[in-house]
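Trainee: Questions regarding the structure given below will be posed in turn.
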Amino acid sequence: MVSVTFTAHLQRHVDCPRHVLQAATLAEALEQVFKTSPRARGYLLDDQGALRAHVAVFIDGQRARDRQHLSDALRPDADVHVLQALTGG
110 MVSVTFTAHL QRHVDCPRHV LQAATLAEAL EQVFKTSPRA RGYLLDDQGA LRAHVAVFID
170 GQRARDRQHL SDALRPDADV HVLQALTGG
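Numbers given in this note's numbering equal positions in the sequence shown, counted from 1, plus 109.
Now the structure itself:
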């Protein structure tokens with residue numbers, strides 16, 4: 110099963126506990142998360158459905174490549190981590 114985990118910082122802003130689910134892509138996994146945590150959609154995605162600039166997603170330790178369509182493939186036992194991206198200089 111795919112595990113989707115949100116950092117404690119994100120959980121302070123949006124109720125998004127850890128989810129264990131079946132999904133073939135990042136988009137499918139997030140859609141399942143949004144069913145139980147609908148406020149997370151607006152915090153993570155922009156109006157076009159792309160990841161917002163302040164959000165970083167890692168799949169099995171690698172940054173998600175497709176921030177626009179979220180088409181990154183997930184292994185059946187993938188670990189997905191969603192966190193606040195750091196910005197600044």
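Even glycine gets a Cβ: it sits at the ideal position worked out from N, Cα and C.
Since the structure is predicted, the reported quantities are computational estimates derived from the model, not experimental observations.
#1: Extract the residue ranges of the beta strand (DSSP E) inside the segment 150-194, only unbroken runs of 3 or more that lie entirely within it.
#2: Run through the segment 116-155 for me and flag every whole alpha helix (DSSP H) of 4 or more residues, listed as ranges in chain order.
#3: Nearest to Q193 by CA position, among R148, A136, A138, V166, is which residue?
#4: Between the beta-carbon of L135 and the beta-carbon of A173, is there less than 8 Å?
#5: If you drop the 5 nearest sequence neighbours on each side, which residues of the same chain put their C-beta closer than 7 Å to that of E140?
#6: Pull up the distance between the alpha-carbon of Q171 and that of D156, whole angstroms please.
#7: Closest to Q66 by C-alpha separation, out of C125, R184, V191, would be which residue?
#8: When burial is assigned at 16 or more other CB atoms within 10 Å of the CB, is A182 buried or exposed?
Mentor: Taking the structure as given:
#1: 164-168, 188-193
#2: Runs of the alpha helix (DSSP H) inside the segment 116-155: 117-122, 135-145, 148-153.
#3: Along the sequence shown, one-based indexing puts residue 193 at 84. Answer by Cα proximity: V166.
#4: Stepping through the sequence shown from its first residue, residue 135 is reached at position 26. Stepping through the sequence shown from its first residue, residue 173 is reached at position 64. Their beta carbons are under 8 Å apart, which means L135 touches A173 by this criterion.
#5: Within the sequence shown, residue 140 is the residue found at index 31, counting from 1. Nothing listed; no residue qualifies.
#6: On the sequence shown, position 62 is the one that residue 171 refers to. On the sequence shown, position 47 is the one that residue 156 refers to. Answer to the nearest angstrom: the Cα atoms are 25 Å apart.
#7: Here the chain comprises residues numbered 110 to 198, so residue 66 is not present and cannot be evaluated.
#8: Locating residue 182 in the sequence shown gives position 73, counting from the first residue. Result: exposed.
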